[in-house]
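Below: one structure, written as structure tokens.
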Amino acid sequence: MQYELVTLTSKGQLTLPKEYRDKLLLDKGSRLSVAVKGDVLMLKKVYEVEPLAEGDPIWDMVGVFEDGFGADGVSEVHDAFIAEGEVAGCKKPW
């Protein structure tokens with residue numbers, strides 16, 4: 001991993017090396033999240049996401065699992081189905 005030395009200004013600002021800005025497609029107004037782990041300062045690019053529009057087709061999926069199983073129930077039924085095949089020693093045709 002390559003490291004670059006940067007200097008903190010009296011206002012607590014620093015300049016990210018151009019190579020890193022270019023690599024992450026950072027420009028004026030780009031946002032970064034900041035975290036500290038021990039004595040390590042971590043920066044991560046924040047990607048802006050637009051909320052789903054009211055007319056987005058994904059909203060048609062809301063309520064699909066309201067058949068008594070729910071999303072968790074579907075997973076449990078599927079796991080049980082797979083385990084049943086393993087216990088019986090047979091392979092499913094898929």
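Residue numbers (full-length UniProt numbering): 1 to 94.
Where a beta carbon is used, it is the ideal one built from N, C-alpha and C, also for glycine.
Note on geometry: alpha-carbon atoms of VAL49 and VAL64 lie some 25 Å from one another. Taking the Cα positions, ILE58 is about 21 Å away from TYR47.
Exclusion of the five residues before and after LEU14 leaves VAL6, THR7, LEU8 as the residues of its chain whose Cβ lies within less than 8 Å of its Cβ.
Rounded to the nearest whole angstrom, the C-alpha separation of SER30 and LEU24 is 10 Å. Remark: C-beta atoms of LEU26 and LEU16 approach each other more closely than 9 Å. Ranked by how close their Cα comes to the Cα of LEU43, the residues LEU52, LEU32, GLN2, LYS18 have LEU32 in first place. Boundaries of the alpha helix (DSSP H) harbouring LYS23: 18-23, taken from the DSSP string. Spanning the alpha carbons of ARG21 and LYS45 requires a straight line of approximately 10 Å.
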